[in-house]
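First the structure, in the form of structure tokens, and then the observations on it.
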């Protein structure tokens, strides 16, 4: 606390141009450049450069998705996203995410509990292994499942004999999606729970709470924002996965086509307006994800500040 | 799996419950979803003799694809290194209208599906596209060339450098800069000698992350590259081609090579992060 106060005092001393005490001074204010700030022209130049870069790489791709989607009017747009093939692709994407995300949430909670609350051998190795799917190319992920469940794979014959399709069917798509989105919840939770330590849980146990009560009433409330963020990020990646799913799906229309695969087919058939119309739905999902992320970060910061205030009062 | 569980279960005593359950489930799930499929890949590669393996992974077409994949990824990661630092700097140090929105938008490449990014960038940079037409007039081909591949990889890797540098830059102590200035350093000297060294570990981490992500990228590149063998064919696409020809062992061999490289990169990134944390902790 004391260092924060000192910082504030320090910075007001060094900022003669900030908040002038009376209007007379404000009128003939001379801007004195701090020794630790850049000249105005450089600030403007750097900001301009950064914004141009972001416009070129982030804003324009986003704008063109919506621009092209509506290039042939509302009717084509609505028709493109409601035609049977598109509707089926949307349903399949939602289904895959609805299975993959809860699986990875349970794993994320389990793994972060074990990693953050206990000391054991090889912890760093385990964290690295959890990150592995992020570094593996999605095509390789798809290939792996092909080698396990494909017609000539390890279990291909057995599955075929028992009339259960994994490859070129929904289970394969779900598995590939789980692999790709595997680390996202765990990655959000592990650093946060490590930082929080285990004193609160230990206190709850000492006061007679059961293990499950401790987790539900002590741990879960303190990680809820990070957990929610992990879930929405995991969901966005699950719905948008392309490489791994395109290996295992077989791209059969109205059977194993997810939204990103449907976009690819439309695009390759030169149905650009339709391809961008379906894309615009995924772009909206991405924007929604970003909005939720910012909101969650803001809520988390607010909670954190309140907790700090409470501690200060004590 | 039992062996793996036995390895990780040596631990210090704790009063908290649930270690066995959470650890057991985590290892089981990790083995099922990650280890088992990856070991199928490596084992498939062993079906090839050494000579056959070499013929696949060192064929002219494969080497051309490595050159493109690693070359374009390296250039893209370098561009992201420079512009990522610039964006992080502007977001942390300056204020301008709409800053919060811009800050949130930086994560767009994480959230936007790669296929959508791919067709959007292709539409922008195609010879008749909004931006591509100007390059076309100047005689430069962007989409369907190496430039296009690099462009897509810049997009994919954009958030990594910004998001690793940003928090470190926020924590750089102003006092150090004041001290440097009062000792007579120019602003540039202060940046080069005081701020930059503090940011270096996070810059390298962000660079390595962007590079690792770019190497495996598939979705955004296939649309913009044009996919010409020897010219604009990335390694993941070559794997895809082998798969479509039912050459599973060949695809697995290429996959294993890429997997090894990814794993090495992941280790490097972990070491960098360790260094970064250590250094940051020491300064505190």
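Chains as they are written, first to last, in our numbering: chain A, -19 to 294; chain B, 385 to 668.
The C-beta atom is built at its ideal place from N, Cα and C for all residues, glycine as well.
Since the model is a prediction, treat every value here as computed from it, not as a measurement.
Which residues in chain B sit within 7 Å of residue i, going by Cβ to Cβ distance?
i, result
"residue 23 of chain A", "478"
"residue 111 of chain A", "650"
"residue 125 of chain A", "421"
"residue 262 of chain A", "497 and 500"
Starting from the beta carbon of residue i, find every residue of chain A whose beta carbon is closer than 8 Å, and list them in chain order.
i, result
"residue 391 of chain B", "101 and 102"
"residue 620 of chain B", "117, 118, 119, 120 and 223"
Could you check whether the Cβ of residue i sits closer than 8 Å to any Cβ belonging to chain B?
i, result
"residue 229 of chain A", "no"
"residue 204 of chain A", "no"
"residue 157 of chain A", "no"
"residue 162 of chain A", "yes"
"residue 29 of chain A", "yes"
"residue 76 of chain A", "no"
"residue 175 of chain A", "no"
"residue 259 of chain A", "yes"
"residue 350 of chain A", "This structure cannot settle anything about residue 350 of chain A, because the visible part of chain A is limited to -19 through 294."
Could you give the distance in angstroms between the alpha-carbon of residue i and the alpha-carbon of residue j?
i, j, result
"residue 256 of chain A", "residue 30 of chain A", "28 Å"
"residue 388 of chain B", "residue 56 of chain A", "55 Å"
"residue 258 of chain A", "residue 508 of chain B", "18 Å"
"residue 278 of chain A", "residue 486 of chain B", "16 Å"
"residue 646 of chain B", "residue 490 of chain B", "25 Å"
"residue 6 of chain A", "residue 247 of chain A", "Here residue 6 of chain A scores only 47 on pLDDT, less than 50, and its place in the model is too uncertain to base an answer on."
"residue 221 of chain A", "residue 160 of chain A", "8 Å"
"residue 119 of chain A", "residue 627 of chain B", "10 Å"
"residue 623 of chain B", "residue 261 of chain A", "30 Å"
"residue 49 of chain A", "residue 58 of chain A", "10 Å"
"residue 254 of chain A", "residue 502 of chain B", "15 Å"
"residue 441 of chain B", "residue 114 of chain A", "23 Å"
"residue 64 of chain A", "residue 39 of chain A", "31 Å"
"residue 25 of chain A", "residue 523 of chain B", "29 Å"
"residue 149 of chain A", "residue 217 of chain A", "20 Å"
"residue 429 of chain B", "residue 532 of chain B", "32 Å"
"residue 452 of chain B", "residue 44 of chain A", "27 Å"
"residue 51 of chain A", "residue 576 of chain B", "49 Å"
"residue 564 of chain B", "residue 556 of chain B", "13 Å"
"residue 616 of chain B", "residue 127 of chain A", "27 Å"
"residue 432 of chain B", "residue 156 of chain A", "26 Å"
"residue 137 of chain A", "residue 130 of chain A", "9 Å"
Which residue marks the beginning of the alpha helix (DSSP H) containing residue i, and which one marks its end?
i, result
"residue 213 of chain A", "200 to 220"
"residue 164 of chain A", "164 to 176"
"residue 131 of chain A", "It is not in any alpha helix (DSSP H) - residue 131 of chain A carries neither H nor E in the DSSP assignment."
"residue 492 of chain B", "492 to 495"
"residue 48 of chain A", "40 to 49"
"residue 97 of chain A", "64 to 97"
"residue 180 of chain A", "179 to 186"
"residue 278 of chain A", "252 to 293"
"residue 137 of chain A", "136 to 141"
"residue 478 of chain B", "Here residue 478 of chain B belongs to no alpha helix (DSSP H), and DSSP marks it neither H nor E."
"residue 568 of chain B", "Unbroken run through residue 568 of chain B: none, as it is neither H nor E."
Just tell me which of the options has its CA closest to the CA of residue i.
i, options, result
"residue 423 of chain B", "A:123, A:70, A:53 and A:97", "A:123"
"residue 609 of chain B", "B:494, B:496, B:522 and B:530", "B:530"
"residue 81 of chain A", "A:163, A:131 and A:170", "A:163"
"residue 111 of chain A", "B:409, B:640, B:533 and B:597", "B:597"
"residue 41 of chain A", "B:421, B:513 and B:572", "B:513"
"residue 484 of chain B", "B:494, B:493, B:495 and B:472", "B:472"
"residue 588 of chain B", "B:411, B:391 and B:655", "B:655"
"residue 18 of chain A", "B:478, B:564 and B:504", "B:478"
"residue 611 of chain B", "B:506, B:561, B:393 and B:416", "B:506"
Strictly under 8 Å for the Cβ-Cβ distance: is residue i near chain A by that measure?
i, result
"residue 409 of chain B", "yes"
"residue 394 of chain B", "yes"
"residue 556 of chain B", "no"
"residue 514 of chain B", "yes"
"residue 616 of chain B", "no"
"residue 525 of chain B", "no"
"residue 363 of chain B", "For chain B, the structure presents residues 385 to 668; residue 363 of chain B sits outside this window and is missing."
"residue 580 of chain B", "no"
"residue 668 of chain B", "Residue confidence is low: residue 668 of chain B scores 41 on pLDDT, short of 50, so the model does not pin down where it sits. Its coordinate-derived value is still stated next. Not closer than 8 Å to any Cβ of chain A, the Cβ of residue 668 of chain B fails to qualify, so no."
Just to make sure I have the definition right: I need the residues of chain B whose C-beta is within less than 8 Å of the C-beta of residue i. Which are they?
i, result
"residue 187 of chain A", "Those do not exist, as residue 187 of chain A stays about 12 Å from chain B at its closest Cβ, beyond 8 Å."
"residue 33 of chain A", "467, 470 and 471"
"residue 233 of chain A", "Ordered by position in chain B, no residue passes the 8 Å Cβ test against residue 233 of chain A, which lies about 16 Å from the chain."
"residue 208 of chain A", "Residues of chain B passing the Cβ test: none, with the nearest at roughly 15 Å."
For a contact defined as C-beta to C-beta under 7 Å, what are the partners of residue i on chain A?
i, result
"residue 491 of chain B", "270 and 273"
"residue 530 of chain B", "Simply none; closest approach about 18 Å."
"residue 450 of chain B", "In chain order: nothing, as chain A lies at least about 13 Å away."
Would you mind telling me which residues of chain B sit closer than 9 Å to residue i, beta carbon to beta carbon, in chain order?
i, result
"residue 87 of chain A", "409, 410, 413, 414 and 417"
By the criterion of Cβ-Cβ separation under 9 Å, what are the contact partners of residue i in chain A?
i, result
"residue 571 of chain B", "15, 16, 17, 18, 19 and 22"
"residue 632 of chain B", "123, 126, 127, 130, 132 and 133"
Hey, is residue i close to the ligand HEM, as in C-beta under 7 Å from one of its heavy atoms?
i, result
"residue 542 of chain B", "In the structure shown, the ligand HEM is absent, as is every other ligand, since no ligand is present at all."
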